[in-house]
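Below you'll find the structure, written out as structure tokens, and then a few comments.
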Amino acid sequence: MASQSKILPQLTSSKLFLTEAGIETTLVYKNKINLPCFSALPLLSTEHGKETILSIYQDYVDIALTHSTGIVLETRTWRGSPAWASQLGLSVPEILDLNRTAVMILQDLRNSNQTPSTPIVISGTLGTLQDAYVDSTETVSFAQAQENYRAQVQILAKEGVDMISIMTVTNLNEATAAVSVAREFNLPIHVSFSIETDGRLRGGRTLDDVIREVDRLTENYTTYFGVNCAHPRHIMTALRDLPKDVRSRIGSIRGNASLKCHDELDNSLVLDRGDISVWVQEFNGLLNLLPELKVVGGCCGTDEEHIDTLAGRIYPS
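Using full-length UniProt numbering, you'd call the opening residue of the sequence shown number 1 and step up by one each time.
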């Protein structure tokens, strides 16, 4: 793996780190806040919006503090690249300035909460430039993705994130471009793929295929890979037949609450929180399959109850 300047605490910890759950679904379904393009970034332009998001972050930090383990918090910048500015009703300077705000509020949160037993890692989050669940073809070029991510990562790096994450990936051009930009700024990066209920990416590629391909194209620079936006049961389907060397590259799992497919969830008018006991039970199986797992958390439909229940299972008192 190529040299990186930061040593992330989750890489050397003897305990699994937590991360947050489905903050966007919490905002939409519980707080009844409309999120354009499912983006929480515009909320950071108002004091009320910042306070709402900070309150949700604090819930997850409190869980980590209770269990004396670390936590990775993602900036609310999943739709924060210049490509999304017009759809969010923002100018490019405005969307980049909100990236600054997204890091600053987490810096403040860390300063008031971090303890030696609960390190808080700030991850600057990138998202797909195309809608991952509408078009699975490589319609975004490597050059286009690289240009957009560079503008965003430059801001995130300057504000002091510890690492970069690109979430919900189905497009390899976007994955490899994000890795290349993280490398330019000498930042660790976590690449997290989204899969369908059959355990494959939309379009049919396997995790084995895409992880090997990203590593080949980027000289193994990715710090670790992840899977998000799928129920743990479907993630198990994807992992069961993975060779050990590929499973050892997976360091993060963020599971959806629902067993429904993405098309069903996109057309749902109510929140499906799933069965938390089943969600946690399925997670247990994943822990046994992933020897290098570093971070666990939730994705769409999950909230602090899911994370607290999972933490209670992982770190029994």
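Glycine included, C-beta positions come from ideal geometry on N, C-alpha and C.
query, result
"Have a look at the DSSP bridge pairing and note the partners of residue 315.", "Paired residue(s): none; residue 315 is not in a bridge."
"Do you know offhand how far residue 219's Cα is from residue 31's?", "43 Å"
"Going by Cα to Cα distance, which pick from 53, 25, 8 is closest to residue 71?", "8"
"Please list the segments of the beta strand (DSSP E) lying wholly inside the region 215-252, counting only runs of 3 or more residues, in order along the chain.", "224-230"
"Determine the direct distance from the alpha carbon of residue 53 to that of residue 73, and round the result to whole angstroms.", "12 Å"
"Taking the alpha-carbon positions, what's the residue 193 to residue 311 distance?", "23 Å"
"Determine the direct distance from the alpha carbon of residue 262 to that of residue 135, and round the result to whole angstroms.", "Any reading at residue 135 needs caution, since the residue's pLDDT is 47, under 50, leaving its predicted position unreliable; the model's value is listed next. Looking at the two C-alpha atoms, the distance is approximately 13 Å."
"Can you tell me the Cα-Cα spacing of residue 151 and residue 207, whole angstroms?", "28 Å"
"When you compare the region 48-62 with the region 82-98, are there three or more beta-carbon pairs, one atom per stretch, that lie closer than 8 Å?", "no"
"Expressed to the nearest angstrom, what Euclidean distance is found between the alpha-carbon atoms of residue 264 and residue 235?", "18 Å"
"Give the secondary structure of residue 67 by DSSP, where H, G and I count as helix, E and B as strand, and everything else as coil.", "coil"
"Can you tell which of 14, 247, 25 has its C-alpha closest to the C-alpha of residue 298?", "25"
"On the DSSP bridge assignment, give the partners of residue 296 in chain order.", "18, 253"
"Look at the alpha carbon of residue 209 and the alpha carbon of residue 180, and state the distance between them as a whole number of angstroms.", "19 Å"
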